[in-house]
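Engineer:
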Amino acid sequence: MRVELIYRPGCNSYTSVRDTLEKVIAEERLPIPVELVEGGNQNAPRIRINGNEEHDSGITNTLEALTDLLSKKWKELTECPLAL
């Protein structure tokens, strides 16, 4: 699973989102690095999971919401059978 934190250059508000992401990932013991991606036009940082979904950091402002989101995505990735 790939987790990217998209932030606008010059805006430091992404650091709290990054810290929260890293805390949740560590608590859930998921082997997922957080990749910082410079870009975007929004003031608020955004989280992109697996390259195709962006989540406004506003929905992940609590540990519980972020834990639920990452756990759900991790389960989808690890529990779905591979199509041959």
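Residue numbering for the sequence shown is 1 to 84, as defined by this note's numbering.
A virtual CB, placed ideally from N, CA and C, is assigned to each residue, including glycine.
Just so we're clear, the structure is a prediction, and the values are computed from it rather than from any experiment.
1. Have a look at Lys73 and Gly39 and give me their C-alpha separation to the nearest angstrom.
2. Alpha carbon to alpha carbon, how far is Val34 from Asn43?
3. Leu5 to Val37, Cα distance in whole Å?
4. Tell me, please, which residues DSSP counts as bridged to Glu35.
5. Helix or strand or just coil, what does DSSP make of Arg46?
Structural biologist: Reading from the atomic positions:
1. 23 Å
2. 19 Å
3. 6 Å
4. Glu4
5. strand
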